[in-house]
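Number of protein chains: 4
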Amino acid sequence: MTVRVGVIGAGMIGQDHIRRLTDVVTGARVTAVTDLDAARAAEVAASVGATAYPTSADLIASPDVDAVLVTSWGPTHAEHVLGAIAAGKPVFCEKPLATTAEDCLRVVEAERAYGRRLVQVGFMRRFDAGYRQMKQVLASGSIGTPLIVHCAHRNPTVGDTYHSAMAAQDTAVHEIDVLRWLLDDEIVSAQVITPRATSKRFAHLKDPQIMYFETANGVRIDLEVFVNCQYGYDIQCETVGEDGLVRLPDPAAAHVRTAGQHSSAVLQDWKARFADAFDTEFREWIASVTAGAEPTGPSAWDGYAATVISDAAVRSLESDGTVVTADMKPRPTFYGGTA
Amino acid sequence: MTVRVGVIGAGMIGQDHIRRLTDVVTGARVTAVTDLDAARAAEVAASVGATAYPTSADLIASPDVDAVLVTSWGPTHAEHVLGAIAAGKPVFCEKPLATTAEDCLRVVEAERAYGRRLVQVGFMRRFDAGYRQMKQVLASGSIGTPLIVHCAHRNPTVGDTYHSAMAAQDTAVHEIDVLRWLLDDEIVSAQVITPRATSKRFAHLKDPQIMYFETANGVRIDLEVFVNCQYGYDIQCETVGEDGLVRLPDPAAAHVRTAGQHSSAVLQDWKARFADAFDTEFREWIASVTAGAEPTGPSAWDGYAATVISDAAVRSLESDGTVVTADMKPRPTFYGGTA
Amino acid sequence: MTVRVGVIGAGMIGQDHIRRLTDVVTGARVTAVTDLDAARAAEVAASVGATAYPTSADLIASPDVDAVLVTSWGPTHAEHVLGAIAAGKPVFCEKPLATTAEDCLRVVEAERAYGRRLVQVGFMRRFDAGYRQMKQVLASGSIGTPLIVHCAHRNPTVGDTYHSAMAAQDTAVHEIDVLRWLLDDEIVSAQVITPRATSKRFAHLKDPQIMYFETANGVRIDLEVFVNCQYGYDIQCETVGEDGLVRLPDPAAAHVRTAGQHSSAVLQDWKARFADAFDTEFREWIASVTAGAEPTGPSAWDGYAATVISDAAVRSLESDGTVVTADMKPRPTFYGGTA
Amino acid sequence: MTVRVGVIGAGMIGQDHIRRLTDVVTGARVTAVTDLDAARAAEVAASVGATAYPTSADLIASPDVDAVLVTSWGPTHAEHVLGAIAAGKPVFCEKPLATTAEDCLRVVEAERAYGRRLVQVGFMRRFDAGYRQMKQVLASGSIGTPLIVHCAHRNPTVGDTYHSAMAAQDTAVHEIDVLRWLLDDEIVSAQVITPRATSKRFAHLKDPQIMYFETANGVRIDLEVFVNCQYGYDIQCETVGEDGLVRLPDPAAAHVRTAGQHSSAVLQDWKARFADAFDTEFREWIASVTAGAEPTGPSAWDGYAATVISDAAVRSLESDGTVVTADMKPRPTFYGGTA
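Chains as they are written, first to last, in the working numbering: chain A, 2 to 340; chain B, 2 to 340; chain C, 2 to 340; chain D, 2 to 340.
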């Protein structure tokens with residue numbers, strides 16, 4: 002069986018996932034594309050032999066669509082995901098699930114009402130081999146109960162449309178999701194402080210930012226977000242437990258010795274850093290759809306939690322670094338909670 | 002277009018490649034399977050919806066087969082490859098191309114007579130990201146003209162069917178191929194010496210062995226082959242040039258500190274070490290077939306060269322470590338040579 | 002010329018420094034020892050052919066003493082250092098310079114009144130090869146203006162006399178000193194938070210603690226202090242600048258591969274980690290005394306600053322993690338300031 | 002007690018060791034200096050308050066000399082060491098012990114006749130912390146019986162007085178000594194081959210060279226000697242045993258990330274690389290003299306063995322890479338042997 006995927010949103014990320022579903026992942030085929038820009042939808046659809054649809058509603062309703070991929074503009078995500086749930090079709094929604102906690106909750110409620118998980122949110126780090134090794138080490142018990150996590154998320158540069166709140170909403174949100182999963186714990190508060198700013202940024206941007214999170218179990222997380230670090234795309238994560246620590250590996254890179262230096266290249270791009278994770282993410286998603294099973298990746302609840310927590314971080318940033326409690330509902334039993 | 006692949010040989014490696022062509026690589030489908038064991042052929046064929054053929058000749062001739070994959074017992078490779086060439090079909094042959102230099106030459110001559118490259122030999126290291134990084138560093142000129150290469154090829158253990166000549170023929174042959182490609186140079190002699198043997202081996206086996214190779218350009222290669230090293234599957238390669246060196250990276254592995262040790266896991270298995278290389282190898286092969294282009298991977302000539310050089314190594318081993326010249330024909334212009 | 006050193010305090014650290022001045026550092030000789038425990042003073046003095054003195058005043062006054070080393074109980078440091086200043090003799094005082102900021106200031110004022118630097122405080126990290134490499138990298142400008150520092154200070158275990166305030170006063174005080182020097186900047190506030198506590202500690206102790214510091218230039222420092230981390234003595238320091246980062250190297254350790262693991266040993270002891278730094282510290286101090294020059298190591302002002310800042314950290318710890326401003330006087334021109 | 006050292010040979014290395022005995026190592030004092038160049042002897046002696054002697058015989062005979070340090074021109078070493086033995090004084094002889102095996106044997110015989118070890122030869126690597134860690138790992142049994150050793154000895158450049166035989170006699174001789182000690186085994190043959198030569202050398206020099214050694218226990222050693230490698234001074238050593246391997250650590254160096262590269266500095270100079278080893282070597286030698294004990298460092302026999310083995314390597318180089326047996330006498334019981 003080949004999963005026929007309909008894609009809502011044919012921009013850069015949509016096209017990249019269409020390429021992935023076409024050229025990299027077996028068992029899937031993109032059969033339908035829609036976009037606010039109908040010409041773009043037509044062009045992208047044609048390139049893979051898919052049909053362009055005028056609206057997302059048409060696409061979701063199409064008998065040629067088994068599963069829906071939402072890669073449109075963030076504020077429209079919730080509407081499309083709700084549409085897919087209403088149609089009883091599996092839906093993969095790029096992060097964020099929705100741009101407000103309220104909209105996330107609407108998705109959560111719709112999925113609960115449907116009675117079965119249909120939604121997977123596009124946080125790809127859970128599929129990265131390095132993070133999975135970290136999770137195995139934690140699960141093995143060899144470093145004991147986790148107490149502290151140190152992280153850094155660095156990009157070489159960002160464009161001028163990147164504004165200060167995006168450090169939490171677009172950048173740190175990846176750590177927020179992967180740490181909740183890695184620790185199997187919930188983040189309950191956020192605080193954002195601003196060190197001396199780099200001079201190598203657009204003036205409106207607070208960069209770097211340091212974010213502190215606390216979890217329900219009392220684990221403390223510090224996360225440096227530095228999106229104009231110049232030297233490369235670099236993701237660091239170290240979890241300290243009662244008996245030791247585990248650290249995310251740097252990507253393997255040829256070691257060179259020349260001109261008085263040992264050296265190896267730093268990646269420059271998140272796409273290169275997480276290319277394998279994206280592939281695995283879609284491979285596993287397609288496998289779950291093919292099997293008629295619930296998705297195993299980040300749930301609608303994880304999407305809600307990420308939004309609530311990144312919102313708390315933004316509020317902290319906007320209130321000079323006060324500690325802000327994440328205003329999260331109790332987790333329903335439907336999502337593995339007790340509420 | 003989907004490339005319909007016929008597989009000759011449904012043993013362990015054949016089944017693994019069938020899985021790869023079915024589940025991992027897009028654009029291909031296994032449509033035909035044959036095996037000396039007809040029951041096995043039938044079972045494996047059924048598992049992927051392919052047809053079992055009684056003979057390789059039938060399979061090669063089938064209009065449902067666009068390209069042939071040879072994963073049968075080594076001594077039968079040449080016959081199947083010659084059959085595919087006769088049929089004008091692209092053929093991927095697992096290493097070795099043939100078990101004798103003479104048979105390799107028959108393939109080479111057949112392909113030349115056909116007038117177009119149809120054959121790719123299954124040396125997967127050229128597709129490994131680390132070796133490709135090494136090749137880029139060499140091509141960049143940053144370490145200068147290569148002078149020396151240090152290598153090690155270590156397996157944790159081997160079974161009792163593994164005999165001393167296999168160290169060259171089955172194990173070192175991977176380095177022989179990848180170094181010819183990495184250095185863009187030809188190996189002209191081989192020498193094999195036997196250090197103190199490990200006690201942790203079957204008595205008939207000389208293990209470890211050290212192989213020395215010299216290239217046409219005077220580069221000297223030392224290669225430790227140690228197939229009962231106990232601790233893991235470990236591939237090392239360092240090329241020293243006039244201005245510096247480049248070293249193959251170890252696979253990325255989570256770094257742990259506990260109980261007084263920094264540590265990270267060593268892989269135990271060649272399949273894990275080169276899983277991505279195998280995937281890339283087949284992805285690129287299928288892409289070349291789809292494009293109707295000649296294959297870009299190791300050629301029949303490379304298969305011939307690897308056999309000649311590993312034969313020289315075996316003769317050195319069997320003659321107490323004398324230096325043995327690789328008795329290779331001049332490289333035809335068809336294969337990028339001048340003869 | 003041999004510098005004749007009088008040692009006040011013949012406990013463990015005093016004896017270790019006496020051994021160092023006797024066996025490791027050339028150009029010095031311990032000629033005088035005093036201790037509250039006269040028997041211990043006599044025994045230690047005899048072991049190196051020195052004279053035991055009944056009181057520190059006698060020792061300082063002795064014509065056989067060119068320079069004074071204070072290794073007594075912390076609360077007595079200030080008195081002995083003041084005595085040495087009054088006598089116009091160079092004095093090396095183990096940290097802390099004094100246990101209260103007021104007493105530190107008395108030393109500072111006495112030294113200013115004397116008109117020439119006589120005091121060096123025993124913060125040894127400035128003499129560690131790794132930190133010196135970091136300082137060179139920072140000075141070279143290659144990583145640009147520093148913005149953030151990430152640190153960890155981990156001990157395998159501590160005894161039951163170690164209490165929560167010591168995390169700042171005895172442990173973090175080393176980072177406080179070395180970071181002021183590394184960054185050439187002043188720490189202006191401190192905050193201490195307490196993650197989930199390890200279960201592997203005495204119940205009265207808050208461990209680990211995370212300390213946040215801010216500097217006058219806006220650099221933000223996070224420092225994990227974890228004194229029962231079990232796995233080893235481990236010091237981490239990473240400075241992030243506008244153009245890159247520099248990280249303190251781990252001590253060189255033989256790399257081992259066995260039993261499926263790459264590994265190398267983690268040191269278990271601060272004495273092993275900083276042995277060379279201690280030797281260099283005393284070698285440079287003796288050299289300055291021999292040359293009749295002012296000491297180049299940490300000054301009385303640095304001792305004062307370290308006490309003020311660690312006091313601020315303790316106040317934060319005791320007030321549930323509020324940010325506490327370091328209540329430091331303006332730095333006098335005598336100590337390189339502008340006041 | 003202070004050991005009064007007389008130094009024969011006041012050239013560069015002599016002056017460096019005089020500085021070491023004066024400024025770095027406690028318990029020693031240079032009291033006497035002689036040199037073929039009397040003016041140099043006088044100048045160097047004056048700089049440390051020692052007496053210049055007209056001849057080595059006068060110096061050795063002086064009642065102000067407890068122990069002798071030989072740092073003169075290599076061909077004169079044997080004569081001076083024999084003089085010291087005749088006088089019954091401990092003597093530290095920089096490598097080589099003598100420039101011919103015959104002269105080495107004369108020293109060996111003289112020492113045996115004296116009946117007690119007086120001679121230590123200046124091979125400093127046995128005192129390097131990294132090699133000592135390797136030896137501990139081997140002694141622990143964790144990697145099992147050694148089978149193979151891979152080494153590299155690289156200098157950035159050498160001057161035009163460096164000729165091809167020096168690769169064995171001056172450069173590889175350090176590995177020859179340290180590997181005999183590390184493995185507790187004897188080298189029985191040598192072979193030297195010459196890869197493609199670097200273009201970055203004086204024309205008369207064969208560089209790089211690869212040396213193969215075999216030990217009595219059948220361990221095989223490969224050693225790359227590359228004295229114009231351009232990029233730095235770099236010493237590599239990896240011992241492979243039945244159960245794993247141990248590798249000499251690279252010197253600790255601050256890790257930098259900037260401009261798309263991870264990097265750390267490579268040392269440029271053997272003095273920096275082995276500075277601590279030299280200090281430890283002299284500290285332990287002086288301790289043995291002070292204690293009236295036999296020296297624990299490399300013996301006259303070790304000096305003899307190193308000369309025989311490096312001679313074998315030179316003969317191999319001069320005979321186009323034939324394997325040359327090291328023509329060594331049986332090891333006397335006096336030196337821990339059975340002859």
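Where a beta carbon is used, it is the ideal one built from N, C-alpha and C, also for glycine.
Given the structure is predicted, the values throughout are model-derived calculations rather than measurements.
Note down, in chain order, all residues in the region 256-280 of chain D with a beta-carbon under 7 Å from any beta-carbon belonging to chain A. Hits within the stretch, in order: Arg258, Thr259, Ala260, Gly261, Gln262, His263, Ser264, Ser265, Ala266, Val267, Gln269.
Reference Lys136/B, options His154/A, Gly338/A, Arg41/A, Ala255/A, closest by Cα: Residue Ala255/A is the option with its Cα nearest to Lys136/B.
Element boundaries [beta strand (DSSP E), containing Glu239/C]: 235-242
Does the structure place the region 269-283 of chain D close enough to the region 282-298 of chain A that three or more beta carbon pairs sit under 8 Å? no
With a threshold of 8 Å between beta carbons, is Asp235/A in contact with chain D? yes
For Arg221/D, return the contacting residues in chain C, with the cut-off set at a CB-CB distance below 9 Å. Those do not exist, as Arg221/D stays about 19 Å from chain C at its closest Cβ, beyond 9 Å.
Buried/exposed call for Trp302/A, threshold 16 Cβ in 10 Å: buried
At what residues does the alpha helix (DSSP H) containing Tyr132/A begin and finish? 130-141
Contacts that Tyr54/C makes with chain B (C-beta to C-beta distance below 7 Å): The contacting residues do not exist; Tyr54/C stays about 43 Å from chain B at best.
Anything in chain B within Cβ reach of Tyr232/D, meaning under 7 Å, just list it in chain order. Asp244, Gly245
Length-filtered (4 minimum) alpha helix (DSSP H) runs lying within the region 28-95 of chain B: 39-48, 57-62, 78-87
Where do the N-terminal and C-terminal ends of the alpha helix (DSSP H) with Gln170/B fall, by residue? Counting along the chain, Gln170/B falls outside any alpha helix (DSSP H), and DSSP gives it neither H nor E.
Could you check where the beta strand (DSSP E) with Tyr336/D kicks off and where it finishes? Premise fails: Tyr336/D is in no beta strand (DSSP E) and is neither H nor E.
Where does the unbroken beta strand (DSSP E) through Tyr213/D begin, and where does it stop? DSSP places Tyr213/D in the uninterrupted beta strand (DSSP E) bounded by 210-216.
Spatially closest choice to Tyr234/C from Asp270/C, Gly261/C, Gly219/C, Gln262/C, by CA coordinates: Selection Asp270/C, Gly261/C, Gly219/C, Gln262/C evaluated against Tyr234/C yields Asp270/C as nearest (Cα-Cα).
Would you call Ser320/B buried or exposed, if buried means 16 or more other Cβ atoms sit within 10 Å of its Cβ? exposed
So does the region 257-272 of chain D actually touch the region 188-198 of chain D, counting three or more Cβ pairs closer than 8 Å? no
Compare the C-beta of Pro252/B against all C-beta atoms of chain D and say whether one is closer than 8 Å. no
Among Val45/A, Arg41/A, Val120/A, which residue has its Cα nearest to the Cα of Glu80/A? Val120/A
Local conformation of His164/B per DSSP, three classes: coil
So that I know if they touch, is there some Cβ in chain C lying closer than 8 Å to that of Thr154/A? It should be pointed out that residue 154/A corresponds to His in this sequence rather than to Thr. Cβ-Cβ to chain C under 8 Å: no for His154/A.
Determine the extent of the alpha helix (DSSP H) in which Leu318/C is found, giving its start and end residues. Residue range 301-319 is occupied by the alpha helix (DSSP H) that includes Leu318/C.
Three or more C-beta pairs below 8 Å linking the region 236-255 of chain C and the region 146-156 of chain C: yes
Give a yes or no on whether 8 Å exceeds the smallest Cβ distance from Gln134/B to chain A. yes
Ile149/A: first and last residue of the uninterrupted beta strand (DSSP E) it sits in: 147-155
What would DSSP say about Phe227/A, mapped onto helix, strand or coil? strand
Figure out for me which residue from Gly337/C, Pro250/C, Ala198/C, Gly322/C has the closest Cα to the Cα of Asp354/C. Outside the displayed range of chain C (2 to 340) lies residue 354/C, so it cannot be described from this structure.
Measure the CB-CB distance between Thr326/C and Ala313/C and report whether it falls below 8 Å. yes
Would you mind giving the Cβ-Cβ distance between Val6/A and Leu70/A, rounded to the nearest angstrom? I have them listed as a contact below 8 Å. 5 Å
Assuming Gly15/D contacts Thr72/D under a Cβ cut-off of 8 Å, what Cβ separation, rounded to an integer in Å, is found between them? 4 Å
My guess is that Pro97/A and Val174/A are in contact by the Cβ rule of under 8 Å, so how many angstroms apart are they, rounded? 7 Å
Helix, strand or coil at Ser289/C according to DSSP, with G and I counted as helix: helix
Please state the DSSP three-state secondary structure of Leu106/D. Collapsing the DSSP output to three states places Leu106/D in a helix.
Cα separation between Gly160/A and Tyr232/A? 16 Å
Among residues of its own chain, excluding the 5 on either side of Gly304/C, which ones have a beta-carbon nearer than 6 Å to its beta-carbon? Leu98, Cys105, Val122
Taking just the CA atoms, how far does Ala168/D sit from Trp182/D? 20 Å
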